[in-house]
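For the sequence shown, numbering that gives the first Met the number 0 begins at 0 and goes up steadily by one.
Ideal Cβ positions, reconstructed from N, Cα and C, are used throughout, including at glycine.
Because the structure is a prediction, the values reported are computed rather than measured.
So the structure is just underneath, and the comments pick up after that.
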Amino acid sequence: MAKILYVITRLAVGGAPRTMLTAIQGLKKVGYEITLVSGYPGLGEGSLVDEARLLDVELIFIPTLQRELHPWRDLISFWRLWRLMRKRQFDLVHTHLSKAGILGRLAAFFSRTRVVHTFHGDVLNGYFSPMKSNAFLVVERVVGRMTDRFICVSTRLKERLLHYHLGDDNRFCVITNGIDMRHSETIGQRVAHTNRVGTLAMFYPIKRLDLFVEMAHQLKQCNTEIQCDIAGDGMTAIDIKQQAKQLGDPVRFVGVCEDPSAFLSQLDVFVLCSDYESSGMGVMEAMSMGLPVVATAVGGIPEIIQDGHTGVLVDAGDVEGLCQAVRDLLQNPEKREQMGALAKTYAQTHFSVSAMTAELDALYCELLP
Numbered sequence: 000m001a002k003i004l005y006v007i008t009r010l011a012v013g014g015a016p017r018t019m020l021t022a023i024q025g026l027k028k029v030g031y032e033i034t035l036v037s038g039y040p041g042l043g044e045g046s047l048v049d050e051a052r053l054l055d056v057e058l059i060f061i062p063t064l065q066r067e068l069h070p071w072r073d074l075i076s077f078w079r080l081w082r083l084m085r086k087r088q089f090d091l092v093h094t095h096l097s098k099a100g101i102l103g104r105l106a107a108f109f110s111r112t113r114v115v116h117t118f119h120g121d122v123l124n125g126y127f128s129p130m131k132s133n134a135f136l137v138v139e140r141v142v143g144r145m146t147d148r149f150i151c152v153s154t155r156l157k158e159r160l161l162h163y164h165l166g167d168d169n170r171f172c173v174i175t176n177g178i179d180m181r182h183s184e185t186i187g188q189r190v191a192h193t194n195r196v197g198t199l200a201m202f203y204p205i206k207r208l209d210l211f212v213e214m215a216h217q218l219k220q221c222n223t224e225i226q227c228d229i230a231g232d233g234m235t236a237i238d239i240k241q242q243a244k245q246l247g248d249p250v251r252f253v254g255v256c257e258d259p260s261a262f263l264s265q266l267d268v269f270v271l272c273s274d275y276e277s278s279g280m281g282v283m284e285a286m287s288m289g290l291p292v293v294a295t296a297v298g299g300i301p302e303i304i305q306d307g308h309t310g311v312l313v314d315a316g317d318v319e320g321l322c323q324a325v326r327d328l329l330q331n332p333e334k335r336e337q338m339g340a341l342a343k344t345y346a347q348t349h350f351s352v353s354a355m356t357a358e359l360d361a362l363y364c365e366l367l368p
């Protein structure tokens, strides 16, 4: 039985940690012995720690493993990871998110353990200041030389990372995220035709939640019965809430969403306004629930949405386009239901957990002794 060490920066509510836990669940069934190392979630982020404990894997916390740059804490985290790898002699290390990816790959290199890193998004664009992004690029190129395989969640993300010269093409592969479909049937429990529109996102500038607020403002000017919800929290929350207040509070903020299916089951239309998305976990989850999606045609989104069939694509930054698409779906229930049904069918055939698990298993087998 192969021993795999998973390392992630923090088990906060979000697409990357949730996908990783889904993968671990599938790999345990295949027969892998998995140990998971993580830092603690930050304040206001929401936690997936309880979900991780339910997987019945060894769970180790390193308190100094945090998203923010901090030389002393980062050194302690590296030392603890290296010591764990040297002591336990894992067959393979698999890292997730930026900080864990850097420290985990360094520790794997110095402990002579083969290592895989998953890029869940383009962290070099839109998440950090230009100075931090440039620093990350330099470091990523260094640790890229120590990485046996890179996993990207979309073809577009792979192309961007190759453009950054992070590694050779033959070390990159694309594995689409798998979605747990067990809650997909709850969509039928929502009140029909409630004119409810929502989005699920972390509050980062690149997510362009300011566009969602402006869209909601314009929609409610035409129809006051439309309800627009944002689920999530993060660094731009204060600014977005201030914008909403200035526009007459057209949006309801529901906070961190630890159960996406419960939130999505109340919607009629899901909206994504981002300037860039590698794969769009919120979009994929919405599609799996049978929701029509209106999204900006950025990054890997056109790979998962067939415009006019499983959703509607608009140009990035186009508030009028978002409003028009949402309004059209709300005014045409039959079109909305048909598009949602097609989205669900597509999700069931393309976002399979079993397919994701099989691809990870095949990749591991290539690297294991």
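Checklist entry - Quick one: what does DSSP say G187 is sitting in, helix, strand or coil? => result With a pLDDT of only 49 at G187, under 50, the local geometry of the prediction cannot be trusted, and no value is derived from it.
Checklist entry - Taking just the CA atoms, how far does R326 sit from D306? => result Rounded to whole angstroms, D306 to R326 spans 16 Å at the Cα level.
Checklist entry - Do K3 and D90 have their CB atoms nearer than 8 Å? => result In the sequence as displayed, the identity of residue 3 is Ile instead of Lys. The Cβ atoms of I3 and D90 sit closer than 8 Å to each other.
Item to check | Residues sharing a beta bridge with K2, DSSP | outcome: K2 is bridged to E32.
Next on the checklist: Quick check on the DSSP output: what are the complete beta strand (DSSP E) runs of length 3 or more inside the segment 110-153, in order along the chain?
Outcome noted: Annotation note: the segment 110-153 contains the following uninterrupted beta strand (DSSP E) runs of length 3 or greater, listed N- to C-terminal: 114-118 and 148-151.
Checklist entry - Alpha carbon to alpha carbon, how far is Q65 from T198? => result Going by the C-alpha atoms only, they are around 27 Å apart.
Next on the checklist: Taking a contact to mean a Cβ-Cβ separation below 8 Å, would you say V240 touches F252 in this structure?
Outcome noted: Residue identity differs from the one stated: residue 240 is Lys in this sequence, not Val. A contact, by the Cβ cut-off of 8 Å.
Next on the checklist: Suppose the cutoff is 7 Å on Cβ atoms and the five residues either side in sequence are ignored; what does the same chain contact list for L58 look like?
Outcome noted: So the qualifying residues of the chain are L35, A51 and R52.
Item to check | Local conformation of D232 per DSSP, three classes | outcome: D232: coil per DSSP, three-state reduction.
Checklist entry - Near L76, which residues of its chain fall below 6 Å by C-beta distance, leaving aside the five closest residues on each side in sequence? => result According to the sequence displayed, residue 76 carries Ser and not Leu. The residues are I61, T63, L64 and L102.
Checklist entry - Tell me which same chain residues have a C-beta within less than 8 Å of the C-beta of L366, skipping the five on either side of it? => result Take L366, set aside five residues on each side of it, and the residues of its chain with a beta-carbon closer than 8 Å to its own are L91, R113, V115, D147 and R148, in chain order.
Checklist entry - Pick from T94, D121 and H119: whose alpha carbon is nearest that of F108? => result Among T94, D121 and H119, the Cα nearest to that of F108 belongs to T94.
Next on the checklist: Assuming contact is defined by CB atoms lying nearer than 8 Å, are G279 and G339 in contact in what I supplied?
Outcome noted: Cβ distance not < 8 Å, so G279 and G339 don't count as in contact.
Next on the checklist: Here's the rule: buried if 16 or more other CB atoms are within 10 angstroms of the residue's CB, otherwise exposed. What is Q226?
Outcome noted: Counting Cβ neighbours within 10 Å, Q226 comes out buried, since at least 16 surround it.
Checklist entry - Just how far apart, CA to CA, sit D232 and R155? => result Near 26 Å, if we compare the C-alpha coordinates of R155 and D232.
Checklist entry - Apart from the five residues just before and just after A324, which ones in its own chain have a Cβ nearer than 8 Å to its Cβ? => result V293, V311 and V313.
Next on the checklist: When you compare the segment 70-89 with the segment 126-135, are there three or more beta-carbon pairs, one atom per stretch, that lie closer than 8 Å?
Outcome noted: No, the segment 70-89 is not in contact with the segment 126-135.
Item to check | Neighbourhood of M214 by C-beta distance below 6 Å, restricted to the same chain and skipping five residues each side | outcome: Answer for M214: V318, L321 and C322, listed in chain order.
Item to check | DSSP three-state assignment for L58, whether helix, strand or coil | outcome: It is a strand residue.
Checklist entry - Alpha carbon to alpha carbon, how far is G187 from H164? => result The predicted model places G187 with a pLDDT of 49, which falls under 50 and marks its position as unreliable, so this point remains unresolved.
Checklist entry - Between G45 and the rest of its own chain, which residues show a CB-CB distance below 7 Å, the 5 nearest in sequence each way excluded? => result Counting only Cβ-Cβ distances below 7 Å, and skipping sequence neighbours, we find A11, V12, V255 and E257.
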